[in-house]
Amino acid sequence: MKEFTYTALGLDGAVVTGSRFAAGRAELARELEGQKLVLLKSRPVLGLRNLAPSLAGRVGPRELIELTQHLATSLGAGILLITALEDFESQSKGLLHDVVADVRSNVAGGTAFDEALGRHPDIFDPVYLALTEVGRRAGDMDAVFKDLVAYLEWREELQGQMKQAMVYPSLLFTAIVGLFLLMMFFVVPRFSDTFAGAGFELPALTRGMMSLGAFMIRWWWLVFGGIAAVVIGARAVVRTESGRRRRDALMLKLPVVGTFVRKVALARFARTFSLIFASGLDLIQLLKLVEGVVDNAVLAAELRMVRMRVITGESLRAAFADTKEFPPLVQRLVAVGEATGSLDQSLLHAAQTYDKEIPRDLKKALAVFDALIIAVLGLLVCVAALSLLMPIMQVGGNIR
């Protein structure tokens, strides 16, 4: 979406100016036509959002929660949607201000609220849009937004736990890389000069370290270029469906870490399923939405299979019973929920169970990761120490 400023002519002959987001001039003209306006001229706004979207900033989780909370409170108090949007627009800044202004403009022009939000898919995800549509059709948008606030806060807390937990391992990994580069580019070359005229054959380990250091100093551009190529290539592979599925399958099979990854995906599935099912959305649409929420290609593929079987007339219980990646707990709760007509409550219990287990599993996974990093760091230090001490010990032996 790009932002355009425009000049249009109304049916009464009045000239109207304004700004609006649209995919292009043709779409802008169609939208203005729907408001009984004829587009005279337009031009894209020369801003970061149009020229370099990645540099224009983004709407953070907390900002989205604040907007949703504002709408829930305002609509619950009987304030009109347009007024609620105007109020938030007046107190917001940056990208979110522009987005809310565009949404308000579209709603004022007769566009459905969920459709206006859908023009900004980088901010409002499919779950948000689906629930907004359900709330609009049911005339119960304030309740939907209250549920969305709780959901968004849960999601933010989960992401925050994961980010916070990764700080220490990231620092350790950075320390290892920094130590290795320090050794190769500064320490090893000095010892190489010292041992160059030693007059005896150096140990194999020392020769290997010296050769590696010399290679990295001479061909540093090739080394770093190769690393960059591997990283870029790996990201390109992961962006493909087959590459993403292989990566996610590998993550699920890893000891300890796989358990944590699976429970995070299952918590997302159960929490989102419960929220959407309670809103009254069609089951087929619901299953399609949760495919994109689990953030794991293997589990998403199984959910796709479940959806296809439900479409053919099978029960949800039977479809989930044949899945390999969803544990017995989820299968039993789905069966009980379907039998009693309380799928939302059953899966909410599952989500709450996983919410309690995830922090413990995260600590276990990080303990394994920390131990692995420390082991690598220790091995690196030992190899470096031996490669440098062995020639010194050999010289001492020759003197005696």
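Those letters in the sequence shown? Residues 1030 to 1429, by this note's numbering. A virtual CB, placed ideally from N, CA and C, is assigned to each residue, including glycine.
Contact belief for residue i with residue j at Cβ below 8 Å, rounded distance in angstroms
i        : j        : result
Leu-1208 : Leu-1409 : 7 Å
Arg-1346 : Val-1363 : 6 Å
Val-1137 : Arg-1165 : The residue you asked about is not Val; residue 1137 is Ala in the sequence shown. 16 Å between Cβ atoms; not a contact.
Ala-1294 : Val-1323 : 4 Å
Asp-1116 : Ser-1103 : 7 Å
Thr-1036 : Leu-1069 : 5 Å
Ser-1221 : Met-1239 : 5 Å
Exposure label - residue i; buried when at least 16 CB within 10 Å
i        : result
Pro-1284 : exposed
Gly-1004 : Lying outside 1030 to 1429, the shown extent of the chain, residue 1004 is not represented and no answer is given.
Val-981  : Any question about residue 981 goes unanswered here, given that the chain covers just 1030 to 1429.
Pro-1388 : exposed
Leu-1093 : buried
Ile-1354 : The question names Ile, yet the displayed sequence has Glu at residue 1354. So Glu-1354 counts as buried.
Ala-1130 : buried
Ala-1404 : exposed
Ala-1051 : buried
Thr-1341 : exposed
Leu-1114 : buried
Gly-1053 : exposed
Reduced DSSP secondary structure (H/G/I, E/B, other) of residue i
i        : result
Val-1088 : coil
Gly-1370 : coil
Lys-1353 : coil
Thr-1046 : strand
Glu-1031 : Note on identity: in this sequence residue 1031 is Lys, with Glu being the wrong assignment. Of the three classes helix, strand and coil, the one that applies to Lys-1031 here is strand, per DSSP.
Val-1410 : helix
Arg-1072 : strand
Thr-1036 : strand
Val-1285 : coil
Ala-1258 : helix
Arg-1274 : helix
Leu-1109 : coil
Val-1163 : helix
Leu-1066 : strand
Ser-1083 : Its pLDDT being 46, under 50, Ser-1083 is placed unreliably by the model, and nothing is read from it.
Ala-1051 : strand
Leu-1077 : Confidence is the limiting factor: at Leu-1077 the pLDDT is only 48, short of 50, which leaves the residue's position unreliable, though a coordinate-based value still follows. Residue state, collapsed to three classes: helix.
Phe-1153 : coil
Asn-1135 : helix
Thr-1140 : coil
Lys-1175 : helix
Gly-1123 : helix
Arg-1268 : helix
Trp-1183 : helix
Leu-1231 : coil
Asp-1222 : helix
Leu-1345 : helix
Arg-1148 : coil
Val-1323 : coil
Trp-1249 : helix
Minimum C-alpha distance to residue i - residue among the options
i        : options                                : result
Pro-1232 : Glu-1062, Leu-1415, Phe-1215, Gln-1381 : Leu-1415
Gly-1105 : Asp-1171, Leu-1377, Gly-1370           : Asp-1171
Arg-1338 : Ala-1326, Asp-1390, Asp-1351           : Asp-1351
Ser-1199 : Phe-1398, Met-1422, Ala-1404, Glu-1386 : Phe-1398
Arg-1049 : Lys-1031, His-1126, Phe-1253, Gly-1042 : Lys-1031
Leu-1096 : Phe-1202, Ser-1121, Val-1267           : Ser-1121
Arg-1361 : Leu-1328, Ala-1299, Cys-1411, Asp-1116 : Ala-1299
Gly-1107 : Asp-1169, Glu-1186, Ala-1055           : Asp-1169
Ser-1375 : Gln-1381, Tyr-1383, Thr-1382, Gly-1366 : Gly-1366
Arg-1184 : Ala-1043, Thr-1301, Thr-1203           : Thr-1301
Thr-1432 : Gly-1047, Arg-1297, Leu-1110           : Any question about residue 1432 goes unanswered here, given that the chain covers just 1030 to 1429.
Gly-1237 : Thr-1369, Leu-1251, Ala-1413           : Ala-1413
Arg-1247 : Ala-1258, Met-1213, Glu-1118           : Met-1213
Beta-carbon spacing of residue i, residue j below 8 Å
i        : j        : result
Gly-1304 : Arg-1291 : This sequence places Leu at residue 1304; Gly is not what is there. Going by C-beta atoms, Leu-1304 is not nearer than 8 Å to Arg-1291.
Gly-1321 : Pro-1155 : yes
Asp-1373 : Ala-1307 : yes
Leu-1406 : Ile-1205 : yes
Arg-1274 : Ala-1326 : yes
Thr-1235 : Met-1422 : no
Thr-1288 : Asp-1176 : no
Gly-1242 : Val-1266 : no
Val-1163 : Leu-1377 : no
Leu-1038 : Leu-1066 : yes
Arg-1124 : Arg-1087 : In the sequence as displayed, the identity of residue 1124 is Leu instead of Arg. Cβ atoms of Leu-1124 and Arg-1087: closer than 8 Å.
Ala-1159 : Gln-1314 : yes
Ala-1380 : Val-1359 : no
Pro-1073 : Leu-1181 : no
Leu-1100 : Phe-1174 : yes
Leu-1316 : Leu-1328 : no
Thr-1046 : Ser-1071 : no
CB contact below 8 Å: residue i versus chain D
i        : result
Gly-1139 : Absence of chain D from the displayed structure is noted, only one protein chain being present.
Any non-hydrogen atom of the ligand PLP within 7 Å of residue i CB
i        : result
Phe-1244 : The model on display carries no ligand, and the ligand PLP is accordingly not part of it.
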